[in-house]
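My numbering numbers the first residue of the sequence shown as 12 and each following residue consecutively.
Beta carbons are placed, not taken as given, at the ideal position from N, Cα and C, and that holds for glycine.
No experiment lies behind these values; they were computed from the predicted model shown.
Notes follow once the structure below has been shown.
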Amino acid sequence: MNEPVNILYVEDNEGDVELMQMSIERYLSSWNIVLDVAETVEEAKEIFNQDKHAIALIDWNLPDGDGVDVLQFIRTRNENLPVFLLSGVITENHITDTEKYKPTACLQKGYDKKFFAQLEQCLAAVD
């Protein structure tokens, strides 16, 4: 059995969490992925401090802030962690607002093969 790979997933929408879990099972079944789910910025900070994560997937809009708050927090502790900011719609402002924190990518939410191919590429690089 493969070593567990922890992914921090910051998402407040239960439906999106379920879709992510099902999609990971479908597209990344060869990886032993443990999805650590946080629903708020504060919860994300707590979970991030508790475990080592291979990747962070962060929703843009959260009940107590936004994904940039989480990205900023992560960057003060780990400059190299692959971090993907996710949103239903990505605008030029999204990209501009995050440049100084160096996210791996700002991606439109998707649960398709292409989206997970990008994640798998990052997982392979950190493995």
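Shown here for residue 124: same chain residues with a beta carbon closer than 8 Å to its own, the five before and five after excluded, namely 38 in chain order.
Judged by DSSP secondary structure, residue 118 falls within the beta strand (DSSP E) whose first and last residues are 116-119. Counting along the chain, residue 80 sits inside no beta strand (DSSP E); it lies in the alpha helix (DSSP H) bounded by residues 78-88. Residue 77 has its alpha-carbon roughly 25 Å from the corresponding atom of residue 44. Beta-bridge annotation (DSSP): residue 98 is paired with 119. Of the other Cβ atoms in all chains shown, 16 or more fall within 10 Å of the Cβ of residue 70; this residue is therefore buried.
Counting only unbroken stretches of 4 or more residues, the alpha helix (DSSP H) elements lying wholly within the region 18-58 are 25-38, in sequence order. Taking a 10 Å sphere around the C-beta of residue 128, we find fewer than 16 other C-beta atoms and assign the residue as exposed. Three or more pairs of CB atoms, one per stretch, sit closer than 8 Å, so the region 53-68 contacts the region 81-101.
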